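Asker: Can you read through this structure? Questions will come right after.
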Amino acid sequence: MSERRKLERHTVSSSLEVYDLETGNLLGRVVDLHVEGLMLLSDKPIEMFKSFSLQINLPMTLNGMDEFLLDAESLWNRESIGGGQYWTGLHFTHLPAESRQCIEKMVASR
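Numbering (the numbering used here), first residue to last: 2 to 111.
And the structure:
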């Protein structure tokens with residue numbers, strides 16, 4: 002797979018849980034992120050090229066928020082080397098200003 006990423010990935014040091022707002026189900030946890038997308042680690046494969054409305058829970062309060070919302074589309078996935086877990090790349094299709102500010106603050110603190 003050729004590398005098309007323009008922005009540097011930033012590994013997340015704390016556990017950010019990602020929920021599908023349509024179903025309420027936990028999709029997985031953020032591995033790394035930037036203002037255009039994130040990589041998710043999940044126990045189940047995520048459907049490809051699907052649009053999601055997501056809630057990302059923060060382990061602390063950031064900019065007065067303990068969660069933020071965004072819309073994203075799944076672009077790629079693969080099974081982890083050890084098996085049983087899946088990596089998925091999601092591209093943000095709608096990122097509200099307050100969510101963007103949270104991500105920028107998390108990225109800047111790394």
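All residues carry an ideal CB built from backbone N, CA and C; glycine is no exception.
In this text, all values refer to a predicted model and were calculated from it rather than measured experimentally.
May I have the straight-line CA-CA distance separating K51 from G65, to the nearest angstrom?
Answerer: Working through the sequence shown from its first residue, we reach residue 51 at position 50. Working through the sequence shown from its first residue, we reach residue 65 at position 64. So the alpha carbons of these two residues sit roughly 30 Å apart.
Asker: Kindly list the residues whose CB is nearer than 7 Å to the CB of K106, restricted to its own chain and excluding five residues on each side of it in sequence; keep chain order.
Answerer: Taking the first residue of the sequence shown as 1, we reach residue 106 at position 105. Hits under 7 Å: L63, N64.
Asker: Roughly how many whole angstroms lie between the Cα atoms of S43 and P97?
Answerer: Reading the sequence shown from its first residue, position 42 is the one you call residue 43. Reading the sequence shown from its first residue, position 96 is the one you call residue 97. Rounded to the nearest angstrom, the two C-alpha atoms are 24 Å apart.
Asker: Which residues share a DSSP beta bridge with D86?
Answerer: As a working mapping, residue 86 is identified with position 85 in the sequence shown. What sits at residue 86 in the sequence shown is Gln, not Asp. Note: Q86 sits in no beta bridge, so no partner.
Asker: Which first and last residues belong to the beta strand (DSSP E) in which S43 is found?
Answerer: Within the sequence shown, numbered from 1, the residue matching residue 43 stands at position 42. First-last of the beta strand (DSSP E) with S43: 38 to 43.
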